[in-house]
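>
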Amino acid sequence: MTIASTRRSHLSDFIALSLLAIRARYTLSKPARVLFLLGAMFDPFVYAGVIYFVVERVFGLSGFDRFQFLLIGIISFRWTLSCLLDAVNLAELERRMAEAGRARLVAALVVMAPPSAVMLLSLAAALVFSLIVDAPDQSFRALGWLAPVILVQGAWNLALVLVVDRLSARFRIASEAPLVILAGLMWMLSPVMYKFGDIPPSVSALFTTFNPASHVLAAYYRAYWYGLPIGLNVLPAAIVVSLAIVAWLGTRPDRFASSAGAEVAQSEDESPHLVIATDGRETATATSSVASYAGATPFRQWTGTLKAFTGRDMAALIGRTWPRSGTDLD
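For the sequence shown, position 58 (counting from the first letter as 1) is numbered 58 according to the numbering used here, and the numbering increases by one without interruption.
#1: Using the Cα positions of L243 and G154, report the straight-line distance between them to the nearest angstrom.
#2: Smallest Cα separation from L109: which of I230, L179 and L20?
#3: Please state whether the Cβ-Cβ distance between S76 and L217 is less than 8 Å.
#4: Is it the case that the Cβ atoms of V164 and L228 are separated by a distance below 8 Å?
#5: Spatial neighbours of A107 within its chain, please: C-beta separation below 6 Å, excluding the five flanking residues on both sides.
#6: Can you name, in chain order, every residue of its own chain whose Cβ lies under 7 Å from the Cβ of A87, other than the five neighbours on each side?
#7: Have a look at R312 and T321 and give me their C-alpha separation to the nearest angstrom.
#8: Just to check my reading of the structure: M41 and L121 have Cβ atoms closer than 8 Å, yes? What is that Cβ distance to the nearest angstrom?
#9: Specify, as a first and last residue, the run of the alpha helix (DSSP H) that I239 falls within.
#10: How would you call V149, buried or exposed, if buried means at least 16 neighbouring beta carbons within 10 angstroms?
#11: In chain order, what residues of the same chain lie with their CB nearer than 8 Å to the CB of L81, ignoring the 5 residues before and after it?
#12: Looking only at C-alpha atoms, which of F14, G60, L17 and R25 sits nearest to T310?
#13: To the nearest angstrom, report how far apart R57 and M314 are at their CA atoms.
#14: Report buried or exposed for V203, applying the criterion of at least 16 other Cβ atoms within 10 angstroms of its Cβ.
#15: Quick check: what's the CA-CA separation for V50 versus S168?
#16: In chain order, what residues of the same chain have a beta carbon less than 6 Å from the beta carbon of W79, not counting five sequence neighbours either side?
#17: In terms of residues, what are the limits of the alpha helix (DSSP H) holding I230?
#18: Just the C-alpha distance for G73 and A117, rounded to the nearest angstrom, thanks.
#19: Since Y52 and R66 should fall inside the 8 Å C-beta cutoff, what is the C-beta to C-beta distance between them, to a whole number of angstroms?
#20: If we ignore side chains and look at the alpha-carbon of each, how far apart do V290 and L105 end up?
#21: Name the two residues that bound the continuous alpha helix (DSSP H) containing N340.
The following block contains the structure:
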């Protein structure tokens, strides 16, 4: 198999795995559940409308541009927040996918795919809404710059998910709440509920200079509203740092790929090894039977928990990540 065909196979696997994760996360096997996906898609519009109403009534600040800044800011913030909240699944997903190559990154893909899909759908809905309203102050000349901004934030979201996983493993952190609160504070201090011109320049500089969320939002606003190229003073460095974090944490030895992962690797004749799931009460007969198969490993019953993923979902995800000759995810 050529390198090009192998890469196409890998890309096909990643796309299929992402679609499975989205389908499982929103239980799209049931037609009525599409409403939940639509609800998540239009959720930022509701929040933006409520905040806009308060800002207009209390502070007398109005304008379609203000609503649009609120909308894009909430879409961006909700993407990062959803990734951090779903990071609670990463360890268990990695444990169940230990037989797949790069189990941590595969598990991170399953965590990231659903909120990323919702973010893109929400952003597309916001663009359609803008086209319908046809605000004269909004320019669509620089929409192409949205792509690198989305890539920068996506890389940082992935880095944060891996950081949460690493901190949880190293320090036994029981919750991702501290990072969620920190992310919330960054966005509250960013130009979401206010515009850069609403506060004195000195205060604006204090809130934004050392706040990465402000730079991302400023890039969104330039590409989405003002029709200007994004600033390249901070974002290139930001993408380099985020990718370095992803490379460091994503390529470390998989936490659960120990002897179990090695023992279920396929033999030279490509015949799969036997894996036996038990309830923890293996008998001598079962143990001797396992020993008669090269590489077979008894596993205790899995007792972990996953948010929004059922056993059927996990079977489909593991089936997609199972190594295959020439097309594994390694």
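Heads up, the beta-carbon is just placed ideally off N, CA and C, and yes, glycines get one too.
Quantities reported herein were computed from a predicted structural model and do not represent experimental measurements.
Let me lay it out:
#1: Across the structure, L243 and G154 are spaced so that their CA atoms are roughly 10 Å apart.
#2: Put simply, of I230, L179 and L20 the residue whose alpha carbon is nearest the alpha carbon of L109 is L20.
#3: Going by C-beta atoms, S76 is nearer than 8 Å to L217.
#4: Contact: no.
#5: Taken in chain order, the residues that qualify are L90, L93, E94 and M97.
#6: If you ignore the 5 residues before and after A87, its C-beta comes within less than 7 Å of the C-beta of V111, V161, V164, D165 and E176, all in its own chain and listed in chain order.
#7: Looking at the two C-alpha atoms, the distance is approximately 15 Å.
#8: Yes, they are in contact, since the Cβ atoms of M41 and L121 sit about 4 Å apart, within 8 Å.
#9: Per DSSP, I239 is one residue of the alpha helix (DSSP H) stretching across L235 to G250.
#10: So V149 counts as buried.
#11: Only residues of its own chain outside the window of five on either side were considered, and among them V180, A183 and G184 have a CB closer than 8 Å to the CB of L81, listed in chain order.
#12: Nearest option by C-alpha distance: R25.
#13: Approximately 48 Å, taken between the alpha carbons.
#14: Result: exposed.
#15: For V50 and S168, the gap between their C-alpha atoms comes out near 35 Å.
#16: So the qualifying residues of the chain are P115 and M119.
#17: Per DSSP, I230 lies in no alpha helix (DSSP H) segment and is marked neither H nor E.
#18: Whole-angstrom Cα-Cα distance: 17 Å.
#19: That belief holds up - the Cβ atoms of Y52 and R66 are roughly 7 Å apart, short of 8 Å.
#20: Interpretation of V290 is limited by its pLDDT of 44, a score under 50 that renders its predicted location unreliable; the figure taken from the coordinates is listed afterwards. Near 31 Å, if we compare the C-alpha coordinates of L105 and V290.
#21: Beyond the ends of the chain as shown, which are 1 and 330, falls residue 340; an answer cannot be given.
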